[in-house]
Structure formats: structure tokens, C-alpha cells
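>
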Amino acid sequence: MLKHLGIIADGNRRWAKANGLPKIEGHKKGIETIEELVRAAAEAKIPYLTFYVFSTENWDREEDEIKYLMGLVEARAMALAEKMAKNNIKLSILGPHDKINPKLASLIEKAEKITENCDGMTVGACFNYGGKQEIADAANIALETDGKITPETIRKHLYRPELPDLDMVVRTSGEERLSGFMLWRAAYAELLFLDKYFPEMTGEDIKEIVKEYEKRNRRFGK
5 MLKHLGIIAD
15 GNRRWAKANG
25 LPKIEGHKKG
35 IETIEELVRA
45 AAEAKIPYLT
55 FYVFSTENWD
65 REEDEIKYLM
75 GLVEARAMAL
85 AEKMAKNNIK
95 LSILGPHDKI
105 NPKLASLIEK
115 AEKITENCDG
125 MTVGACFNYG
135 GKQEIADAAN
145 IALETDGKIT
155 PETIRKHLYR
165 PELPDLDMVV
175 RTSGEERLSG
185 FMLWRAAYAE
195 LLFLDKYFPE
205 MTGEDIKEIV
215 KEYEKRNRRF
225 GK
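For the sequence shown, our numbering gives the first residue as 5, with consecutive numbering after it.
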């Protein structure tokens, strides 16, 4: 069973360019795509679905683009959370709030709070996230609280440690790399690279991903 699916949502800007649209329209369509994929994953009974939406490296993009993207998240966060709550879907954000403006950080916390008692599917979003930083942060906490660094002590101090390891990682736009996405949890994940931009994904892709996963022979080094 595909328990935890991770999607690196890549290609929003290139999709917009290919369709003669401003970059910001790609991000807007990307949000709509996330909603569609969540619905499809819920129908497929995938318990955990995590998206890589904004990395720590993405702060180096143009200021106007970042401002628009943050405004888009700010405008849609509560509505998305309320919709998830109605469908018994829990929202879990992975990443620190250090670079996020206080208003948006507060909205994110409220959005998570709305869904905290939902016990159906869990949707994660890596936002202001870096895979190496997550491991470094976990190691520092492990050393301080447990007195030693081991795989077990690091694992329990990862961001949102209740999320299980990834079973499959899907990246769109034809790129074939992880770019720091959940490095610890992706250690034995199956990889699938799609030659389409993220806004081009539909619910049918989720069905095909499940079929592809079921073909894989996971040996975990055995």
C-alpha cells in the first residue's frame, strides 16, 4: 500500500511561460492543482500526501514573485484549511517560520489548528523548508535533549515527526533530482519523474502513480 506520497511541485513558472502567461499565474494554477490532487489522493485512500511548495533556496527569486506567492498563500490558507476540516483532512506544515512575515506565520498556525483533530488523511506542505536544515535542527535537539545523536534520536526530532517515511517521491517538469526534499524520510523512497509541469497534473495522475508504485519491488537493501 502506498502510505506516504511526496510530490515536488516543480514547473509552475515554466508552465506559465509556455502558455504565454505571467509567472504569477503559474503559482495560482499550482494552488488549484494541489486541491485537485488532494481530492484524488483522498479517493485513492492514500493516508499521507506531502507537497514541496517553497524551499529555503526559493527566497533568492525575484522580490515581486515572492511577494505575490506569499500573498497568495495568505489569501488562500484559511479557506483551504476549512475545506480540509470539512473533509476530515489534517494539514501539517513542515518548515520554520523564521523568514515568514508574522501575519502569514500566524495564519499558518491557525490553519493547522483548524484541522488538528481531523483523523483522516494528512496533507503536508514543505514551506520555507530545507532538507539539510531539518536534519541539522533535529541533530541539535537530539544532542541537547537526548545527549547523543543516533538515527533514532534524530528521527523523533524531525519536523512533524508523526509523518512516516516516504514510500514514493514524484517530481514534475522533467527534472530528476530531490533538491533537498525530505532527505531523511526519502532514504528508501521509490522515485518517479514526470515529464509535465506541475499545473498539468490531474487526479488521473494520482491513479497512475498508485499503479506504478504497485509495480515496484521494494527491498530496503535486503
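We treat Cβ as the ideally placed atom computed from N, Cα and C, and that holds for glycine. As the structure is a prediction and not an experimental result, all values here were calculated from the model.
(1) Tell me whether Glu-116 sits in a helix, a strand or coil according to DSSP, three-state version.
(2) Looking at the strands, I want to know which residues DSSP matches up with Gly-4.
(3) Give me the residue from Ile-97, Ile-93 and Ala-44 with the minimum Cα distance to Phe-58.
(4) For Ala-46 and Ala-190, I'd like the C-alpha separation in whole angstroms.
(5) Give the range of the beta strand (DSSP E) segment to which Leu-66 is assigned.
(6) Look at the alpha carbon of Phe-131 and the alpha carbon of Leu-108, and state the distance between them as a whole number of angstroms.
(7) Taking the straight line between their C-alpha atoms, what separation do you get for Leu-196 and Glu-218?
(8) What do you get for Asn-16, buried or exposed, if any count of 16 or more other CB atoms within 10 angstroms of its CB means buried?
(9) Of the choices Gly-184, Lys-87 and Lys-71, whose alpha-carbon is the least far from that of Val-42?
(10) Note down, in chain order, each residue of its chain lying with its Cβ closer than 7 Å to the Cβ of Leu-162, except the 5 sequence neighbours on either side.
Working from what's here:
(1) The answer is helix: DSSP assigns Glu-116 an H, G or I state.
(2) Outside the shown range of the chain, which is 5 to 226, sits residue 4, and nothing can be said about it.
(3) Ranking the options by Cα distance to Phe-58, first place goes to Ile-97.
(4) 22 Å
(5) First, the amino acid is wrong: residue 66 is Glu here, not Leu. Careful: Glu-66 lies outside any beta strand (DSSP E) and carries neither H nor E.
(6) 12 Å
(7) 13 Å
(8) buried
(9) Lys-87
(10) Non-local beta-carbon contacts of Leu-162 in its own chain, meaning distances under 7 Å to residues more than five positions away in sequence, involve Glu-138, Ala-142 and Trp-188 in chain order.
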